[in-house]
Each structure stands twice: as structure tokens, then as C-alpha cells.
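Below is one structure, written out as C-alpha cells; the observations come after it.
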Amino acid sequence: MRTVGEIQAETRARLEAACADTAALDARLLVMHVLSIGHEVLIGYPDRLVASCDQRTILELTERRCAGEPISRIAGVREFYGRRFQITPATLDPRPDTETVVEAVLEAAGAIWPADTPLRVLDLGTGSGALLITLLAEWPQAQGVGTDFCQDALDVAQANAQAHGVASRCRFVRSDWLEEVEGRFDIIVSNPPYIRRADLDGLAVGVKDYDPRLALDGGPDGLDAYRLIAEGIGGFLSLGGFVTMEIGEDQAEQVAGIFQAVGLGMHDDLPWLRRDLAGRPRVVTLSANFIDKSAGLIKRDLETGLGKARFR
Ligand SMILES: C[S@@+](CC[C@H](N)C(=O)[O-])C[C@H]1O[C@@H](n2cnc3c(N)ncnc32)[C@H](O)[C@@H]1O
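Written out as C-alpha cells, the structure reads:
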């Protein structure tokens, strides 16, 4: 029988030969995943013996990694905002980029409402539920609805909600964007598909071969989902509420324009644009205190809701 240290070194060498630029990290993660051990055990007990069936599994999974499958897909889990989320072929693998949405929403809500406000959150295209569940876990008083067109994704989101103890405060609804949604929400979030259709084939193997196409395809110009969501959004936002959307890095002005065209506004006290750690524009936030009747929506009084909110 071989030891953990030997197997880890061999796995790393195989991955390096296959040009995985994160070979050392991947080898550690694969070995830990198959042996169900943590980092301390991996490092602390390199002479521990590995059963031959586990060796075979590690080898099989290493081959899958060499073929381009992301580690998160192989393990079926992804860490997002400090919590572990189950993922399956039906769900997008939640990205660190999307943590920028969480940060934007937490900051904006913190600037508007007292901490114990029982906020209502709608997450459109919830996938694994990463966004909605994270927000509900951060806000013990909040409730939410997550929608997706894909029932299998909603089943995963439900399981994740249970795992994170928020299932009693959320519902998952199969819906074509807003079609089956009922009620009003203080916060509407979405990380919709926004890749231009012509760009899909050029995506990295780990994305195009493993993330569901439904989660990626934003139509000819990447903006289809934003237009469809914006169309009906006025009927679902509460007074003083806001919409926060993840965007492709070159889509900020266009997406803001789509939501401004239906009467949402940039709120002077909230940044309308948020960048990720690499400085790329990733998130747009627009507010609902002022909704123009000319857009066929409810006009709201600037002196109500946020009270002193200013829009441009
Ligand atoms: C980019 S993924 C985001 C998933 C998740 N919110 C996240 O950030 O990890 C987009 C999601 O939108 C869903 N979706 C695509 N078209 C949809 C539609 N017409 N109605 C509702 N959801 C849709 C996909 O199934 C997918 O789960």
C-alpha cells in the first residue's frame, strides 16, 4: 500500500504533466476529497496508508482533472462567501465574481435599512441558490424567493438552503424569469446568463463543457435576460427597493440603461457600479424609489420610502 504523501506527489506530477497550472493545489484537493480528510490531516500524517480502492478513485478523478474538468465539478461542491454549496451539472458553478454581488447588496441594504429589517429578497436564476442563501444566512430576519427555469437546479438550491439552515425562510419557484413570481421584494438580485452567444464556443473548457448552457447564453448581444427581467420588474419592487445585477465587464452602461429605461434610477447615496478585486466592473445597482409613469409603472414619491433619497 502507498502513503498519502506518495499519492499526493504522484497526483501532482500527473497534473503537472497535463499542464494544470494549479497542479499542487489540485492534487491536495483531490486527495482530501477522496479520503474525506482535512488539510491538517493531509499535512500532519503523510505516512498514513491509502487503501487501493481510494488510490483507484484518485487516479480516475485525476484523469478527469487532466481532461479539463474543474475540481469543484469533480467534488460537486464549491465554497462561496465562506459557505459550501452543492453543485451538479444542472447548476452554474458559483464564481468568486458573484461574491461581489453579495458585497454590493449587503452594503446597499446596510446603507438603507436598519440591521433587523425583515427584508424580502428575490433571486432570479438562482442556480445552486448561492446568492439567495448567502443573503438569508447573513440576515436572519430576511425571507426570500429563488427562481430558475431549471427544476433540477431548484432541487439543488433547496438542498443547499436546508444545509445552511435557511430553508424555512425561502421558497424556490420554477419560473421563466418573473412569470410565476408573486409579491413585492425589497431587493431583487440576479446573476443572469450574459455571455454573447457567439462567444460561447471560445470559453475555457472548464466553463463551456461543464456549466449549463442555460446559465451562460445571454443571446446575440449578451443582454437578453436583462431586457426580459427589466420588462416587468416595476411590479415586483417595493418602495425604496433596489435591483442588483451581475454583469459582464463591458456591459455596465448598457445594463444600467436597460433598467433606467423602465424607470429605475441611480441612487445618489449608493454606488451604481461595483468592481471586483481585479478592478473589473461586475455589478450594477439601480433603485426603485422613482418610477416614471411614462414607463407604464407606478410613480413613487421621492419623499416616501427612503425619504431623502435622491436620483439622477
Ligand atoms: C449565470 S447562472 C447564475 C446561477 C446563480 N445565481 C449563481 O450566481 O451561481 C444563471 C441562472 O439563470 C437560469 N436561467 C436561465 N434562463 C432562465 C429563465 N428564462 N428564467 C429563469 N431562470 C433562468 C439558469 O438556469 C441559471 O441557473
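Residue 177 in my numbering is what sits at position 177 of the sequence shown, and the numbering runs on without skipping anything. Note that the Cβ used here is the ideal one computed from N, Cα and C, for glycine as well.
- Each residue's CA atom was taken as its position, placing Gly5 and Leu42 some 8 Å apart.
- Thr3 and Val50 do touch by the CB rule: their CB atoms are close to 7 Å apart, below 8 Å.
- For Glu246, the number of other beta carbons within 10 angstroms of its own is at least 16, and it is reported as buried.
- In the structure shown, Leu122 falls within a strand segment according to DSSP collapsed to helix, strand and coil.
- The beta-carbon separation of Val31 and Gln55, rounded to 10 Å, does not stay under the 8 Å limit for a contact.
- Taking 7 Å as the cut-off, one finds no heavy atom of ligand 1 near enough to the beta carbon of Asn160.
- The C-beta distance from Asp93 to Pro70 rounds to 6 Å, short enough to meet the 8 Å contact threshold.
- By the Cβ-count criterion, Asp269 is exposed, with fewer than 16 other Cβ atoms from all chains shown falling within 10 Å of its own Cβ.
- Note on Ala111: under 16 other CB atoms within 10 angstroms of its CB, so exposed under the neighbour-count rule.
- Between ligand 1 and Leu214, a heavy atom-to-CB distance of less than 7 Å is present.
- Taking a contact as a CB-CB distance under 8 Å, the pair Val243 and Ile258 does not count as one, their CB atoms being some 11 Å apart.
- Under DSSP, no beta-bridge partner is assigned to Glu69.
- Between Thr100 and Asp276, the gap from beta carbon to beta carbon is short of 8 Å.
- Closest option to Met1, judged by alpha-carbon separation, among Cys53, Arg14, Arg213, Ala167: Cys53.
- At a Cβ-Cβ threshold of 8 Å, Gly206 and Gly76 do not count as neighbours.
- Rounded to the nearest whole angstrom, the C-alpha separation of Arg65 and Leu15 is 8 Å.
- Just so you know, the alpha carbons of Cys170 and Ala159 end up roughly 12 Å apart.
- The beta-bridge partner set that DSSP reports for Cys170 consists of Gly144.
- Collapsing the DSSP output to three states places Ser52 in a helix.
- Bridge partners of Asp217 according to DSSP: Ile195.
- Going by C-alpha positions, Ser175 is about 49 Å away from Tyr45.
- Distance from the CA atom of Arg213 to the CA atom of Phe149, rounded to whole angstroms, is 12 Å.
- Residue pairing by DSSP places Met245 opposite Ser190, Val284 in a beta bridge.
- The residues Leu223, Tyr226, Met245, Ile247, Val284, in chain order, have a CB closer than 8 Å to that of Val255 in the same chain once the five nearest residues on each side in sequence are set aside.
- In this structure, Glu253 lies away from Arg282, with their beta-carbon atoms at least 8 Å apart.
- With distances taken between CA atoms, Ala167 lies nearest to Gly129 out of Gly129, Leu178, Ile195, Trp177.
- DSSP lists Arg83 as the beta-bridge partner residues of Phe80.
- The criterion of a C-beta distance shorter than 8 Å is satisfied by Gln143 and Arg120.
- Distances taken from the Cβ of Phe149 to the heavy atoms of ligand 1 include one shorter than 7 Å.
- Taken through DSSP and simplified to helix, strand or coil, His164 comes out as coil.
- For Arg28, no beta strand (DSSP E) encloses it; the enclosing alpha helix (DSSP H) starts and ends at 23 to 35.
- Beta-bridge partners of His39 (DSSP): none assigned.
- Remark: C-beta atoms of Pro193 and Ala215 approach each other more closely than 8 Å.
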